[in-house]
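Engineer:
Residue numbers (our numbering), protein chains in the order written: chain R, 1001 to 1220; chain H, 1306 to 1521; chain Y, -8 to 234.
(1) Which residues in chain H have a C-beta closer than 7 Å to the C-beta of residue 70 of chain Y? List them in chain order.
(2) In whole angstroms, what separates the C-alpha of residue 1182 of chain R from that of residue 1338 of chain H?
(3) Closer than 7 Å, CB to CB, is residue 1367 of chain H near chain R or not?
(4) So residue 8 of chain Y is in the alpha helix (DSSP H); what residue range does that whole segment cover?
(5) Using 10 angstroms around the beta-carbon of residue 1384 of chain H, count the other beta-carbons present and answer buried if the total reaches 16, otherwise exposed.
(6) If we define contact as Cβ-Cβ less than 7 Å, is residue 1447 of chain H a contact residue for chain Y?
(7) Measure how close the beta-carbons of residue 1401 of chain H and residue 1356 of chain H come, nearest whole angstrom, since I'm counting them as under 8 Å.
(8) Over what stretch of residues does the beta strand (DSSP E) that includes residue 185 of chain Y continue unbroken?
(9) Please state if the CB of residue 205 of chain Y and the CB of residue 32 of chain Y are separated by a distance shorter than 7 Å.
(10) Rank Y/78, Y/50 and Y/56 by C-alpha distance to the C-alpha of residue 68 of chain Y and give the top, closest one.
(11) When the Cβ atoms of the region 155 to 166 of chain Y are set against those of the region 112 to 124 of chain Y, are three or more pairs found closer than 8 Å?
(12) Who are the Cβ neighbours of residue 1123 of chain R in its own chain at under 8 Å, not counting the five residues just before and after it?
(13) Measure the Cβ-Cβ separation of residue 1104 of chain R and residue 1154 of chain R and say whether it is below 7 Å.
(14) State whether the region 1033 to 1050 of chain R contacts the region 1483 to 1497 of chain H, with contact taken as three or more CB pairs (one from each stretch) at a distance under 8 Å.
(15) For residue 56 of chain Y, does the three-state DSSP call read helix, strand or coil?
(16) Roughly how many angstroms separate the alpha carbons of residue 1367 of chain H and residue 1504 of chain H, rounded to a whole number?
(17) Between residue 1380 of chain H and chain R, is the shortest Cβ-Cβ distance under 7 Å, so that the two count as touching?
(18) Find out if the Cβ-Cβ distance for the pair residue 1468 of chain H, residue 1167 of chain R is shorter than 7 Å.
(19) Residue 1481 of chain H by DSSP, collapsed to three states: which one?
(20) Which of the three DSSP states, helix, strand or coil, is assigned to residue 150 of chain Y?
(21) Rounding to the nearest angstrom, what Cα-Cα distance links residue 60 of chain Y and residue 1423 of chain H in this structure?
(22) Quick check: what's the CA-CA separation for residue 49 of chain Y versus residue 1115 of chain R?
(23) Does chain H have any CB closer than 7 Å to the CB of residue 1082 of chain R?
(24) Using a beta-carbon distance cut-off of less than 9 Å, what residues from the region 1057 to 1074 of chain R approach chain H?
(25) With 7 Å set as the bound, which would you pick, yes or no: does the beta-carbon of residue 1420 of chain H sit closer than that to a beta-carbon of chain C?
(26) Any idea what DSSP makes of residue 166 of chain Y, helix, strand or coil?
(27) In angstroms with no decimal places, state the Cα-to-Cα distance between residue 1140 of chain R and residue 1121 of chain R.
(28) Just tell me which of Y/12, Y/-1 and Y/25 has its CA closest to the CA of residue 195 of chain Y.
(29) Just the Cα atoms here: how many angstroms apart are residue 84 of chain Y and residue 198 of chain Y?
(30) Mind pulling the chain Y residues with CB within less than 7 Å of residue 1438 of chain H?
(31) Measure the C-alpha to C-alpha separation of residue 39 of chain Y and residue 76 of chain Y and round it to an integer number of angstroms.
(32) When burial is assigned at 16 or more other CB atoms within 10 Å of the CB, is residue 1242 of chain R buried or exposed?
(33) Does the separation of the CB atoms of residue 27 of chain Y and residue 201 of chain Y fall below 7 Å?
(34) If you scan the region 85 to 157 of chain Y from start to end, which runs of the alpha helix (DSSP H) of 4 or more residues do you find wholly inside it?
(35) In the DSSP assignment, find the alpha helix (DSSP H) that holds residue 212 of chain Y and state where it starts and stops.
(36) Could you check the C-alpha separation between residue 134 of chain Y and residue 119 of chain Y for me, to the nearest Å?
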């Protein structure tokens, strides 16, 4: 209708946008690395750990997967200080994102390891390979190949989900939107620009993951 | 005005959960309609129609749901609609759920072998009749488990509507926390309520999935 | 007048030419066995005749209508040409009865009772009347294939195409399917069948077409062609199939 778009004011704040973008990327990468670590550990414990440990891991996975990330974030940021643990917004964000991704990664890694048929492992054992050798030469690559697509899409979902940290005022890309909005009053334009930036990030991630897949798994 | 967290606060939280359920329901219905359209568009023989649906799915799956909420919250007034968290949230969720459900359902349609379409075509059935009588009934069985699984995502994600001031469970939790200042209590209770809504659905989805694999 | 006429048909998948200048005719009542190695183009030819595969050059006529003309109503044409596939392609979510009655009900608007009567009739022809309430996964491969034949027959086609319909079956189940085909031949149905059953072709077919490298390499009456091949390729093929 009569609305006149004005993107210039928004783009004038590019330094803010850039800072937010950098934090969003930092949050994503740190959470991916830590979350994957949690996932691998969790899957190993879930499959090979003693029975009570398995139950603990299963409970962790279910608890996280059946509650919202935003509530988990609030628990860490608002709840932990009442227990005497005081965290800044960025640290709280990293903890919540890691704990969240860790649960999903645990399930993905577990499914990947379980996808390797027993006969494969038996074949390796009967050739005289040690358990570690069986894992290294027979289980690892096929399992990684199975879990890779699921992990890659989970990582992209996580990158997009980092936007919730804006709700505890961690200065990520999404939070910069509200700052720019208060400076320019161009609320609609701000969110269009921010949404487009996330879309660009998601596409870049997808391309990077596809490229990595080629490097890691092609011709094997 | 800090007061004690009491039983009445718990009841308020429980009551707010009904708005979580209501928004989830509206989002699922709206998203279901959009998703059905998207899934059908993605299996039509017309390439441009397929591309359009693909672009839509990619765009929504590549942007945060929060962005859609704010876009509609600030965008709808520009086209003359009153700012109303309900309308903004319902629209944003329909867009969001439509893309994901559309993708899930397209996958289910694609899982039906091409030979089933061919067998229908060879009997003289039209494209729509093949879809209706042969492909859809088979695809629905495949689609139900992941659809229930997505419903869990949807319920959890309605918490984001709190960001635009939609008073559902999470927003009520923030309000309760502000007046009682018992964050641990409040958010653990809220998490438990979400868990109580989501966990049975997760289990159901898992059960349906297993049954599907046993059946064929 | 011939029922089917292929003239100079060329079919390519990408750069791979599958049918290379194929011409042939099928007269009403004829039973033609198409034989040849896998990859020789025989199945593709069948699929082109009812328009499941587009062709790049040449012309296919069915009862005077040009199959490869975009203006042709393929749906109407397919109602008159039945095809049975190697993998049966029954609809797994429908009972035998519904598998058969779906097209008559939806395409021809037949009433439910009339369609059920029709289902009984065609099932009787393939000897499976008692299976009318069964589901495909409750049937043996041979029974499924007979239901698939019945499903095609229910459309009262003028031409039946059979695409290696016994190739997925154990030898003991092959016999029951071939018996059905023989009965249909006795009824005067026009049939074009891609098959590896040389003995059956000899017994039932009026004509044999041998395809090789996308071309019709040799054709003639079943007796002559199969017992006295004129080309080295057919001779090699026959000795490979028969032993």
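Note that beta-carbon positions come from the ideal geometry of N, C-alpha and C, so glycine has one too.
Structural biologist: For this structure:
(1) Within chain H, the residues near residue 70 of chain Y are 1429.
(2) CA-CA distance, residue 1182 of chain R to residue 1338 of chain H, rounds to 36 Å.
(3) Against chain R, the CB of residue 1367 of chain H has a partner CB under 7 Å away; the residue lies at that interface.
(4) No alpha helix (DSSP H) holds residue 8 of chain Y; the beta strand (DSSP E) holding it covers 7 to 17.
(5) Label assigned to residue 1384 of chain H: exposed.
(6) So no, residue 1447 of chain H is outside the interface.
(7) The pair is not a contact, with the Cβ atoms about 21 Å apart (cut-off 8 Å).
(8) If you look at residue 185 of chain Y, you'll find it in the beta strand (DSSP E) that goes 181 to 185.
(9) Going by C-beta atoms, residue 32 of chain Y is nearer than 7 Å to residue 205 of chain Y.
(10) Looking only at Y/78, Y/50 and Y/56, the smallest Cα-Cα distance to residue 68 of chain Y is reached by Y/56.
(11) Judged by Cβ distances under 8 Å, the region 155 to 166 of chain Y makes no contact with the region 112 to 124 of chain Y, as fewer than three pairs qualify.
(12) Non-local C-beta neighbours of residue 1123 of chain R in its own chain, meaning closer than 8 Å and more than five positions away in sequence, comprise 1138, ordered along the chain.
(13) In this structure, residue 1104 of chain R places its C-beta atom within 7 Å of the C-beta atom of residue 1154 of chain R.
(14) Counting Cβ pairs under 8 Å, fewer than three are found: no touch.
(15) Secondary structure at residue 56 of chain Y: strand, using DSSP grouped into helix, strand and coil.
(16) The alpha-carbon atoms of residue 1367 of chain H and residue 1504 of chain H are separated by roughly 27 Å.
(17) With its beta carbon less than 7 Å from one in chain R, residue 1380 of chain H belongs to the interface.
(18) Less than 7 Å separates the beta-carbon of residue 1468 of chain H from that of residue 1167 of chain R.
(19) Correct three-state label for residue 1481 of chain H: helix.
(20) If DSSP states are grouped into helix, strand and coil, residue 150 of chain Y belongs with the strands.
(21) Distance between the alpha carbons of residue 60 of chain Y and residue 1423 of chain H: 19 Å.
(22) Approximately 50 Å, taken between the alpha carbons.
(23) Cβ-Cβ to chain H under 7 Å: yes for residue 1082 of chain R.
(24) Those would be 1062, 1063, 1065, 1066, 1067, 1068, 1069, 1070, 1071, 1072 and 1074, in chain order.
(25) This model lacks chain C altogether; the protein chains it does include are R, H and Y.
(26) In the structure shown, residue 166 of chain Y sits in a helix (DSSP, three-state: H, G or I).
(27) Those two C-alpha atoms are separated by around 11 Å.
(28) The shortest Cα separation from residue 195 of chain Y among Y/12, Y/-1 and Y/25 belongs to Y/25.
(29) Computed Cα separation, rounded: 38 Å.
(30) Within chain Y, the residues near residue 1438 of chain H are 93 and 97.
(31) Distance between the alpha carbons of residue 39 of chain Y and residue 76 of chain Y: 14 Å.
(32) Chain R is shown only over 1001 to 1220; residue 1242 of chain R falls outside these bounds and no answer can be derived.
(33) Closer than 7 Å, so yes.
(34) DSSP assignment within the region 85 to 157 of chain Y yields the following whole alpha helix (DSSP H) runs of 4 residues or more, N-terminal first: 87 to 99, 103 to 116 and 132 to 144.
(35) In the DSSP assignment, residue 212 of chain Y falls outside any alpha helix (DSSP H) and within the unbroken beta strand (DSSP E) covering 206 to 212.
(36) The straight-line gap from Cα to Cα measures roughly 8 Å.
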